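A quick write-up on the structure given underneath.
In my numbering, the protein residues as written are 2 to 249.
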């Protein structure tokens with residue numbers, strides 16, 4: 002089975018770095034620090050112009066749970082249609098019902114909206130009630146990929162569940178391992194559970210270019226510096242790709 006390294010990016014700069022470092026495809030989003038939300042139109046357009054690899058677009062209107070209002074669900078549908086017209090290769094999305102199961106009706110509608118595109122069920126899967134049942138339902142809905150940590154805080158903690166899910170999937174649906182993935186985690190997961198599809202950000206903090214810094218004013222979540230920017234680490238992606246492909 003072919004290996005796959007998908008890198009999630011929330012800036013044009015990170016997208017170019019990830020592509021040049023050897024990513025097979027990108028998940029394009031905004032606001033990685035809160036788990037990712039739908040990217041901006043101009044952001045996607047610039048990434049599409051700059052990157053020659055597959056672009057899977059996260060469509061998530063807000064942070065938080067995956068139980069969406071009618072207005073939010075309409076946004077998701079319209080965004081899928083828009084990014085499809087703009088040249089996206091895939092859509093990354095997920096909807097749950099209040100009882101913790103996949104919302105099959107809405108997922109079926111979104112699959113139809115994204116017809117012809119790669120369709121990934123994102124980590125809404127990791128907070129669903131029954132992962133084994135959800136996997137079978139995803140197969141029946143025509144989902145191509147499940148992005149999952151094995152219903153754990155990170156993929157190493159979810160390793161045994163991931164192993165079971167890969168066996169259950171049996172080639173019918175791709176299990177894309179995410180959360181806490183780095184080069185050494187890929188090395189371990191390849192050896193221990195024979196995984197070969199990974200999703201990572203490989204982000205690092207870089208210092209703001211601001212010389213004047215007004216202290217004591219917070220624009221968002223308390224504790225996050227306004228003078229640190231997260232960007233993809235070229236060397237981390239390069240090493241991860243080499244390990245995944247057995248080059249080191």
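Heads up, the beta-carbon is just placed ideally off N, CA and C, and yes, glycines get one too.
Computed from a predicted model, the values in this text were never measured in an experiment.
Own chain partners of residue i with C-beta closer than 7 angstroms, once the 5 adjacent residues on each side are dropped
i, result
"residue 85", "115, 118"
"residue 152", "127, 132, 159, 162"
"residue 182", "156, 199, 200, 201"
"residue 104", "96, 97, 98"
"residue 239", "22, 23"
"residue 36", "64"
"residue 107", "74, 96"
"residue 243", "249"
"residue 76", "62"
"residue 170", "136, 176"
Three-way DSSP call (helix, strand, coil) for residue i in this model
i, result
"residue 208", "strand"
"residue 61", "coil"
"residue 169", "helix"
"residue 3", "coil"
"residue 16", "helix"
"residue 129", "coil"
"residue 232", "strand"
"residue 152", "coil"
"residue 21", "helix"
"residue 138", "helix"
"residue 242", "helix"
"residue 157", "coil"
"residue 110", "helix"
"residue 33", "helix"
"residue 83", "helix"
"residue 147", "strand"
"residue 118", "coil"
Residue i classed as buried or exposed, judged by whether at least 16 other C-beta atoms fall within 10 angstroms
i, result
"residue 223", "exposed"
"residue 195", "exposed"
"residue 72", "exposed"
"residue 80", "buried"
Inter-residue CB distance, residue i and residue j (contact presumed, cutoff 8 angstroms)
i, j, result
"residue 233", "residue 18", "5 angstroms"
"residue 1", "residue 209", "In the structure as shown, the chain starts at 2 and stops at 249, and residue 1 therefore has no counterpart that could be examined."
"residue 178", "residue 149", "7 angstroms"
Test item: CB-CB of residue i and residue j under 8 angstroms
i, j, result
"residue 27", "residue 16", "yes"
"residue 59", "residue 39", "yes"
"residue 130", "residue 101", "yes"
"residue 51", "residue 235", "no"
"residue 184", "residue 241", "yes"
"residue 87", "residue 49", "yes"
"residue 47", "residue 31", "no"
"residue 29", "residue 10", "yes"
"residue 245", "residue 4", "yes"
"residue 218", "residue 174", "no"
"residue 203", "residue 227", "no"
Close beta carbons around residue i, own chain, < 6 angstroms, minus the five adjacent residues each side
i, result
"residue 111", "94"
"residue 207", "230, 232"
"residue 180", "150, 155, 156"
Contact set for residue i: own chain, Cβ-Cβ below 8 angstroms, skip 5 residues either direction
i, result
"residue 166", "132, 133, 136, 147, 149, 151, 176"
"residue 143", "112, 120"
"residue 66", "97, 128"
Proximity test, residue i beta-carbon vs the ligand FMN heavy atom, cut-off 7 angstroms
i, result
"residue 25", "As presented, the structure is devoid of all ligands, the ligand FMN included, so that no description of it is given."
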